[in-house]
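S.K.:
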Amino acid sequence: MDRPSRITIDGIEYNLLTDEELGELVFIEKLEAQVDDIQAGRIKSIPLEELRNRYDEKIRNKGL
């Protein structure tokens, strides 16, 4: 059975996120919080921990 992606409660429609989607949003929020430092050149790359958290499982699943 497919998992629903939306639910309506009291006439308000909510999006239901998977753990992966929620993790992506947290990652994006962290980058957005650092955008001024990134644009000013004070941060030159994404921290390795963030890359690992985001991509390690995807890389292992693809056998890279």
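Offset between the sequence shown (1-based) and this note's numbering: plus 272.
Ideal Cβ positions, reconstructed from N, Cα and C, are used throughout, including at glycine.
Of all the options 329, 274 and 325, which has the alpha carbon lying nearest to the alpha carbon of residue 300?
M.R.: The candidate whose alpha carbon is nearest that of residue 300 is 325.
S.K.: Given that a residue counts as buried once 16 or more other Cβ atoms are within 10 Å of its Cβ, and exposed if not, what is residue 283?
M.R.: Residue 283 comes out exposed.
S.K.: What is the residue span of the alpha helix (DSSP H) that residue 300 lies within?
M.R.: Taken as a continuous stretch (DSSP letters only), the alpha helix (DSSP H) holding residue 300 covers 291-305.
S.K.: Could you give the distance in angstroms between the alpha-carbon of residue 290 and the alpha-carbon of residue 329?
M.R.: Residue 290 and residue 329: Cα-Cα distance of roughly 15 Å.
S.K.: Can you tell me which of the three DSSP states residue 310 falls into?
M.R.: Three-state DSSP puts residue 310 in a helix.
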